[in-house]
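Heads up: the structure comes next, in structure tokens.
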Amino acid sequence: MIPLSPRLLCCASMLKGDFVCDIGTDHAYLPVYLMMSGKAKQVIATDVKQGPLESAKGTLKRYGVSREIRLILSDGFAKVPPKGITDVVIAGMGGETIRDILAAPSADFLKKNNVNLVLQPMSKAEVLRAWLSENCFAMTKEVAVKDTHVYTVIQAHYAGEPQLLHEAASYYGKLKRSELLTKIYIAGVQDRLLTKANGLDEAGKTEEAEAVRRLISDINKWLKPEIGGQR
30 MIPLSPRLLC CASMLKGDFV CDIGTDHAYL PVYLMMSGKA KQVIATDVKQ
80 GPLESAKGTL KRYGVSREIR LILSDGFAKV PPKGITDVVI AGMGGETIRD
130 ILAAPSADFL KKNNVNLVLQ PMSKAEVLRA WLSENCFAMT KEVAVKDTHV
180 YTVIQAHYAG EPQLLHEAAS YYGKLKRSEL LTKIYIAGVQ DRLLTKANGL
230 DEAGKTEEAE AVRRLISDIN KWLKPEIGGQ R
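Under our numbering, the first residue of the sequence shown is numbered 30, with each subsequent residue one higher.
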């Protein structure tokens, strides 16, 4: 069996259907794992550059699954035939890049076919969460996972109406606050926001800095509800 990183194993655990599309497959480790483990019956693996697809081709050959996995050179879903796809994985990209892929016209089939989305942003997860909610995608599950750093994996689907998500919640989504990795992940989020607030102070933007500090406080109240008088 092909070894997978904890990050990709977490992505695999959230897949529900038989036909998976992996956008930005890189070396195609996840598609190979899905086929060899029997978790998927069909897999499309795409990348926007030829180089990673050549690496993917080598991985498929090495594990003897060249015929089972279809490789496509594609910018997001632009060249992907959508018929039958049950699950989509977009992992290892920035949250803004994932958002742009989902916002493209070629991704409209995700809404019509009730596709299960598994999204793993390497940065700017709050941007992705906010976009999902504003554009009628419901986040149903989120897990923090330790790899080289602590990352988050988001499961979502099209719900047909905008989802309520206040600003602080865009930084923690559906994470379970009782879990240790969630606490580590949120500590990193708060550190980055504090750095931003300090930078705004140094630039003389006091009101903006205070707004960021209020955001940090709101996130902390969610993480430690006793601070806000909740139990």
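We put the beta carbon where it would ideally sit given N, CA and C, even for glycine.
Query raised in the report: Is the stretch 83 to 100 in contact with the stretch 120 to 128, if contact means three or more CB pairs nearer than 8 Å?
Result: Segments in contact, no.
Query raised in the report: Is V72 near D55, with beta carbons less than 8 Å apart?
Result: no
Query raised in the report: From which residue to which residue does the alpha helix (DSSP H) around C39 run?
Result: 35 to 42
Query raised in the report: Which value, in whole angstroms, describes the spacing of the CA atoms of D6 and T224?
Result: In this structure the chain extends from 30 to 260, so residue 6 is not present and cannot be described.
Report task. Please report the Cβ distance between L148 and L157, rounded to the nearest whole angstrom; I am assuming they are in contact, meaning their Cβ atoms lie under 8 Å. Result -> 7 Å
Report task. Please report the residue range of the beta strand (DSSP E) in which V94 lies. Result -> Element bounds for V94: n/a, residue is neither H nor E.
Requested in this report: Compute the beta-carbon to beta-carbon distance between E196 and I183, rounded to the nearest angstrom, for a pair I have assumed lies under 8 Å.
Outcome: That belief does not hold up - the Cβ atoms of E196 and I183 are roughly 17 Å apart, past 8 Å.
Query raised in the report: How close, in whole Å, do the beta carbons of V118 and L82 come, if the pair is a contact with beta carbons under 8 Å?
Result: Their Cβ separation, rounded to whole angstroms, is 16 Å, which puts V118 and L82 out of contact at 8 Å.
Query raised in the report: So what's I31 in DSSP terms, helix, strand or just coil?
Result: Note: I31 maps to coil in three-state DSSP.
Query raised in the report: What are the uninterrupted segments assigned as beta strand (DSSP E) that are 3 or more residues long and contained completely in the stretch 97 to 179, given in chain order?
Result: 98 to 102, 116 to 122, 145 to 150, 166 to 175
Query - 8 Å contact criterion, which C39 and V144 should meet: CB distance rounded - result: About 19 Å; that fails the 8 Å criterion.
**Report entry** As assigned by DSSP and simplified to three states, the class of S84
**Finding:** In the structure shown, the three-state DSSP call for S84 is helix.
Report task. Tell me V61's beta-bridge partners as DSSP assigns them. Result -> V61 pairs with nothing; no bridge assigned.
Query raised in the report: Where D104 and D76 are concerned, what is the direct C-alpha to C-alpha distance, given to the nearest angstrom?
Result: In a straight line, the C-alpha of D104 is about 7 Å away from that of D76.
Query raised in the report: Between which two residues does the alpha helix (DSSP H) carrying D230 extend?
Result: 209 to 231
Query - Beta-carbon proximity check, P150 vs I127, cutoff 8 Å - result: Their beta carbons are under 8 Å apart, which means P150 touches I127 by this criterion.
Report task. Reducing DSSP to helix, strand and coil, say where A74 ends up. Result -> In the structure shown, A74 adopts extended strand secondary structure according to DSSP, grouped into three states.
Report task. Return the chain-ordered list of same chain residues with a C-beta closer than 6 Å to the C-beta of V218, the five sequence neighbours on each side being excluded. Result -> Y200.
Query - Local conformation of Q192 per DSSP, three classes - result: It is coil, neither helix nor strand.
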